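When we follow the numbering used here, the leftmost residue of the sequence shown carries the number 11, and every step to the right adds one. By construction, the Cβ of each residue, glycine as well, lies at the ideal position given by its N, Cα and C atoms. Quick caveat, the model's predicted, so the values are computed rather than measured.
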Amino acid sequence: MKEKGEMPLIVSESREELLAEVKKSAGDSGITFSDPKGLANTLFTLYSYFWSETAERLNRTPEKHRIAFLNCLQAAHFPAQVANTFVVFQVVKGYGCPVKIPEGTVLTAVPEDGGESVGFRTKWNFWVVPSSIRDILWADCAADTACRVYSDVRDPSPEAFEPWCGAKPDGRHRFDMAFRNVLGGKGKNLDVTLSMNVRLQDTPLPAGALADPARFRWSLTDWSPEPDGALGKSVRVTPKENSGLALSADGFRSKEPLACLSLELLDGAARDLSFEQIEICAEKSGLSPDAVVMGDCELDGNRFYPFRPILHPFEECGVFCGEALSKHGAEITLSFRLSVETMEEFPPQREEAVNYKWIMRKPLPKPKEEVQEAFASSVKWEYWNGKSFRAVSGKCGPADDFSKDGELRLVFDCPDDISLGEYGGRKGYFLRLSCGECRELYRLPRRVHTPCIQNARFSYRFLSPLRPERFRTVNFGDRAELPADFPVRPFSAPPCRSKSLFLGLDWLSGNLRVQMCAALDEPQEADEKLTMEILGETGWVKMAVDDETGGLRRSGLISFLTPPSVQKRSLFGAERYWIRMTPPANSEGLKIKGFYLNAQRVENRVRHRRGVPLQNLPKSGILQLPHGNLIKTWVFVKSADDGKWELWKEFLPGCEFRQGLYKIDHSSGRIYFPPQIFYRASTPDDVIFIVYDTGDGKRANVAAGAINKMRKEIPYIASIRNPFPVLDGYDSEKDEELASRAENLLYTHGHAVTEKDYELMALDLCPEIYRARCIGGTPVRLAVLLDVPDSRVVFPRICRTLLPFLEPAELRGRPERKSKFCGLFRYRWCAA
Numbered sequence: 011m012k013e014k015g016e017m018p019l020i021v022s023e024s025r026e027e028l029l030a031e032v033k034k035s036a037g038d039s040g041i042t043f044s045d046p047k048g049l050a051n052t053l054f055t056l057y058s059y060f061w062s063e064t065a066e067r068l069n070r071t072p073e074k075h076r077i078a079f080l081n082c083l084q085a086a087h088f089p090a091q092v093a094n095t096f097v098v099f100q101v102v103k104g105y106g107c108p109v110k111i112p113e114g115t116v117l118t119a120v121p122e123d124g125g126e127s128v129g130f131r132t133k134w135n136f137w138v139v140p141s142s143i144r145d146i147l148w149a150d151c152a153a154d155t156a157c158r159v160y161s162d163v164r165d166p167s168p169e170a171f172e173p174w175c176g177a178k179p180d181g182r183h184r185f186d187m188a189f190r191n192v193l194g195g196k197g198k199n200l201d202v203t204l205s206m207n208v209r210l211q212d213t214p215l216p217a218g219a220l221a222d223p224a225r226f227r228w229s230l231t232d233w234s235p236e237p238d239g240a241l242g243k244s245v246r247v248t249p250k251e252n253s254g255l256a257l258s259a260d261g262f263r264s265k266e267p268l269a270c271l272s273l274e275l276l277d278g279a280a281r282d283l284s285f286e287q288i289e290i291c292a293e294k295s296g297l298s299p300d301a302v303v304m305g306d307c308e309l310d311g312n313r314f315y316p317f318r319p320i321l322h323p324f325e326e327c328g329v330f331c332g333e334a335l336s337k338h339g340a341e342i343t344l345s346f347r348l349s350v351e352t353m354e355e356f357p358p359q360r361e362e363a364v365n366y367k368w369i370m371r372k373p374l375p376k377p378k379e380e381v382q383e384a385f386a387s388s389v390k391w392e393y394w395n396g397k398s399f400r401a402v403s404g405k406c407g408p409a410d411d412f413s414k415d416g417e418l419r420l421v422f423d424c425p426d427d428i429s430l431g432e433y434g435g436r437k438g439y440f441l442r443l444s445c446g447e448c449r450e451l452y453r454l455p456r457r458v459h460t461p462c463i464q465n466a467r468f469s470y471r472f473l474s475p476l477r478p479e480r481f482r483t484v485n486f487g488d489r490a491e492l493p494a495d496f497p498v499r500p501f502s503a504p505p506c507r508s509k510s511l512f513l514g515l516d517w518l519s520g521n522l523r524v525q526m527c528a529a530l531d532e533p534q535e536a537d538e539k540l541t542m543e544i545l546g547e548t549g550w551v552k553m554a555v556d557d558e559t560g561g562l563r564r565s566g567l568i569s570f571l572t573p574p575s576v577q578k579r580s581l582f583g584a585e586r587y588w589i590r591m592t593p594p595a596n597s598e599g600l601k602i603k604g605f606y607l608n609a610q611r612v613e614n615r616v617r618h619r620r621g622v623p624l625q626n627l628p629k630s631g632i633l634q635l636p637h638g639n640l641i642k643t644w645v646f647v648k649s650a651d652d653g654k655w656e657l658w659k660e661f662l663p664g665c666e667f668r669q670g671l672y673k674i675d676h677s678s679g680r681i682y683f684p685p686q687i688f689y690r691a692s693t694p695d696d697v698i699f700i701v702y703d704t705g706d707g708k709r710a711n712v713a714a715g716a717i718n719k720m721r722k723e724i725p726y727i728a729s730i731r732n733p734f735p736v737l738d739g740y741d742s743e744k745d746e747e748l749a750s751r752a753e754n755l756l757y758t759h760g761h762a763v764t765e766k767d768y769e770l771m772a773l774d775l776c777p778e779i780y781r782a783r784c785i786g787g788t789p790v791r792l793a794v795l796l797d798v799p800d801s802r803v804v805f806p807r808i809c810r811t812l813l814p815f816l817e818p819a820e821l822r823g824r825p826e827r828k829s830k831f832c833g834l835f836r837y838r839w840c841a842a
């Protein structure tokens, strides 16, 4: 825009140059100038002289006279442009019924610069439902992917997201198998063999294929009725020759009787896996005791005295081995080498008194004392069942004879009631070894035989393969218990046929019109159909939809009508009222700021009505309205012929200013009537009735969150808020602005010929354009510089306005040659 007082340079060419240019343009239309004295040559010469002289005088005209001269061009002022946005309403928490918001409800906001509040009005009646969006997910069936982008449990508010790309998906598929005994207990390590028959789309698949870490992940956890989704202990998987898998894990300790072996699917191509048989074989030997405890002391497990280094009666010790003793139902073998150490003890020798009376007599023979043999007796092996110690019933071999050296083996079936216990301050699975009373220890002489255990080793094996007791599948958060029967197909696709968005609501009812706003970051011009469905008892039910977004192409309102019966359903691991939105197939590159439930469009528009008797109209024909900054005006005048109301039209340049037309100054609120309005015979009943809308112009472009009050309180409405700034509010055109714009009419006359004409026409048609630059050629390319708060929202409307004028008539309807229009944001030049 030119600075005030700056002299505009309208035409810079001389008369000869202008005449040559005019002849050249006319020659392109078929007019010839072969005769220097011909009519065409004469007329165009006069036209060039007249035009050059007019422009030269205009360049020397002072500002006030220049404005008056340009006003003679009869260009109409641009009206004020209404500011509009979306406002989100929220019902009081705990109120379970919809609340009606009448059309025309007045909302207020305070601008950032302070001052008087700005009013906004709702455009339509609508119902605010006591609901909120709890989950937002996107899913792509072809890519076998689903991603939760918002959850009220994790995030305080929705954030912008780009569906179907750029985000880490949630866990897709997991197959949980519950095994008892073989994986459970308190063992430190896992070492089992998993055998299975697998098919992929009815084609046999080697079990070794499941060892690929890029496609499958194995883990081990405790079986829980409500899994938390956390990753368990990683399991190493190695293929075996017999079509099985060797599973091993270090440091796994189970807290529950059932252990869960999980198979997580990382490759959607293997989604059609089915299992016809799953069995686990477990066998391990050479397990050293975890600990040997006597009293409060811990002994060396490789060599220890179970009843102290010198045999004591009623002595005991605990032998711990969690990996073996936790395998309920397995055959357990405890083997060890027993060595018996012998120690003799005699009573002390006392000196005998000499009896001299019998000193010459031969001494009588003394009786020989019997040496007592002390062995560990009543040796017992016991286990703890949670309440008391129970004897271990051995299957073969005497493991309680501690009287001689040898190799001993205790073979028994691991009891089902063996449980975790505490012995000597240590917790775990253990066997208690004890001995009973030994009377031989109380008399001398005696020979004490103390047992010593060396190289104690545990081993276990299951006599028959173990099958899973329970199956559970988790597909995109949905958990399902399956019967432990074969065949089993655990994995399923996302609940959609193509790329879809899912909204989880916490409240809905039947036959209810629900309205929400979809905010998109980069609007697109395409207009497609949006499909919306709600999950019911029998599946997805299609709903009637009113969509302003063109299939999620731009920001706008979306309203849908729920079916007569709705209910909560489980999907993606949550009980919600689930709505599925399916945009068009070519929906790549969407950038969604968010979905806002209970949104309504509001605009900064106030409607006024005024009636003026025709007799009171000033003789000048100028009527001053009480308000300025007009947006739209309707003028009704009673017809002189039949007395009916007649709607007058606004005067347009190029027309005759006559009866039935009026001029209007939108900035000041003045209406100009033609002189013919006074020629009619007026009566006291003749009235001019005017309906007009006013706004606050640029002042109404308030920031996000500024609209937060209602002028009249509505019960059960807790809060209101505009989630994004108010846009598109412009003041009506001032006289100085009209004068500067009217200068362009001297160039264009309503059509574009040169590059400068295209630039001026763009400025004329779109007030939001700060500067424009045209790049010549075919097709025409135009770059613009916008001066608005949010250019991405305004730019699509500018495209729709200018594109028809950029295409010459001979190019319209030919898609192979289209004009290109390139918008420029944030004060940067760009050309396409």
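Which ranges would you report for the beta strand (DSSP E) in the segment 264-335 if only whole runs of at least 3 residues count? With a minimum length of 3 residues, the unbroken runs of beta strand (DSSP E) contained wholly in the segment 264-335 fall at 268-275, 283-297, 301-304, 307-309 and 326-330.
Apart from the five residues just before and just after residue 395, which ones in its own chain have a Cβ nearer than 8 Å to its Cβ? Result list for residue 395: 425, 427, 428 and 429, in chain order.
Nearest to residue 662 by alpha carbon, out of 675, 267 and 573? Residue 675 is the option with its Cα nearest to residue 662.
Taking DSSP as the reference, what is the three-state secondary structure of residue 224? Here residue 224 sits in coil by DSSP.
Decide if residue 732 is buried, meaning its Cβ has at least 16 other Cβ atoms within 10 Å, or exposed. That one is buried.
Determine the DSSP secondary structure at residue 356, reduced to helix, strand or coil. Coil at residue 356, not helix or strand.
Decide if residue 490 is buried, meaning its Cβ has at least 16 other Cβ atoms within 10 Å, or exposed. Result: exposed.
For residue 9 versus residue 545, is the C-beta spacing smaller than 9 Å? Missing from the structure shown is residue 9; the chain here goes from 11 to 842 and no further.
Which same chain residues end up closer than 6 Å to residue 635 when comparing Cβ atoms and leaving out the 5 residues on each side of it in sequence? For residue 635, where only same-chain residues beyond five positions count, the Cβ hits under 6 Å are 679.
Suppose the cutoff is 7 Å on Cβ atoms and the five residues either side in sequence are ignored; what does the same chain contact list for residue 462 look like? Taking C-beta separations shorter than 7 Å and ignoring five residues to either side along the sequence, the partners of residue 462 in its chain run 313, 315, 349 and 351, following chain order.
Under the three-state reduction of DSSP, which class applies to residue 771: helix, strand or coil? Looking at residue 771 - three-state DSSP - the assignment turns out to be helix.
Neighbourhood of residue 810 by C-beta, 8 Å cutoff - its chain only, sequence neighbours within 5 removed: Excluding positions up to five away in sequence, the list reads 535.
Report yes if the CB atom of residue 1 is closer than 9 Å to the CB atom of residue 736, and no otherwise. Missing from the structure shown is residue 1; the chain here goes from 11 to 842 and no further.
Can you grab the Cα-Cα spacing for the pair residue 245 / residue 262, in whole Å? Separation of residue 245 and residue 262 (C-alpha to C-alpha, rounded to the nearest whole angstrom) is 10 Å.
Can you list, in chain order, the residues of its chain whose CB lies under 7 Å from that of residue 136, leaving out five sequence neighbours each side? These residues qualify, in order along the chain: 111, 525 and 610.
Can you tell me the Cα-Cα spacing of residue 321 and residue 342, whole angstroms? Taken atom to atom, the span from the alpha-carbon of residue 321 to that of residue 342 is near 28 Å.
Note the first and the last residue of the continuous beta strand (DSSP E) segment covering residue 618. Annotation: the continuous beta strand (DSSP E) that includes residue 618 extends over 616-623.
First and last residue of the beta strand (DSSP E) that includes residue 443? Its beta strand (DSSP E) spans residues 440-444.
What are the start and end residues of the beta strand (DSSP E) that includes residue 669? It is not in any beta strand (DSSP E) - residue 669 carries neither H nor E in the DSSP assignment.
Cβ-based neighbour list, residue 208, same chain, cut-off 8 Å, excluding 5 preceding and 5 following: Hits under 8 Å: 214, 215, 216, 217, 219, 220, 283, 284, 285 and 286.
Mind checking who residue 171 pairs with in its DSSP beta bridge? Residue pairing by DSSP puts residue 171 in a beta bridge opposite 602.
Straight-line gap, residue 256 to residue 446 (C-alpha atoms, nearest Å): Spanning the two alpha carbons is a distance of roughly 45 Å.
Based on the DSSP secondary-structure assignment, which residues constitute the bridge partners of residue 552? By DSSP's assignment, residue 552 forms a beta bridge with 543.
Looking at residue 701: is its Cβ nearer than 9 Å to the Cβ of residue 637? Taking 9 Å as the cut-off, the beta carbon of residue 701 is found no closer than this to the beta carbon of residue 637.
Might you give, ordered along the chain, the residues of its own chain that have their beta carbon closer than 6 Å to the beta carbon of residue 231, omitting 5 neighbours on each side? Excluding residues within five positions, the ones whose Cβ falls inside 6 Å are 242 and 270.
In three-state terms, what does DSSP make of residue 721? Here residue 721 carries a coil assignment [DSSP, helix/strand/coil].
Mind checking residue 91: buried by the 16 CB within 10 Å criterion, or exposed? The C-beta of residue 91 has 16 or more other C-beta atoms within 10 Å across all chains shown, which makes the residue buried.
Roughly how many angstroms lie between the CA atoms of residue 796 and residue 119, to the nearest whole one? Rounded to whole angstroms, residue 796 to residue 119 spans 26 Å at the Cα level.
On the three-state DSSP scale, how would you describe residue 33? Here residue 33 carries a helix assignment [DSSP, helix/strand/coil].
Rounded separation between residue 58 and residue 49 - CA only: Between residue 58 and residue 49, the C-alpha separation is close to 14 Å.
Assuming residue 319 and residue 381 form a contact by the criterion Cβ under 8 Å, report the distance between their Cβ atoms to the nearest whole angstrom. Contact between residue 319 and residue 381 fails: their C-beta atoms lie close to 21 Å from each other, not under 8 Å.
Should residue 280 be labelled buried (16 or more other beta-carbon atoms within 10 Å of its own) or exposed? Buried, because 16 or more other Cβ atoms sit within 10 Å of the Cβ of residue 280.
Quick one: what does DSSP say residue 58 is sitting in, helix, strand or coil? In the structure shown, residue 58 sits in a helix (DSSP, three-state: H, G or I).
Hey, out of 186, 98, 113 and 309, whose CA is closest to residue 288's CA? 186 is the residue among 186, 98, 113 and 309 whose C-alpha sits nearest the C-alpha of residue 288.
Please report the Cβ distance between residue 147 and residue 815, rounded to the nearest whole angstrom; I am assuming they are in contact, meaning their Cβ atoms lie under 8 Å. With 8 Å as the limit, residue 147 and residue 815 do not qualify as a contact, their Cβ atoms being about 44 Å apart.
Residue 303 vs residue 327 beta-carbon contact at 9 Å: By the CB criterion at 9 Å, residue 303 and residue 327 fall inside the cutoff.
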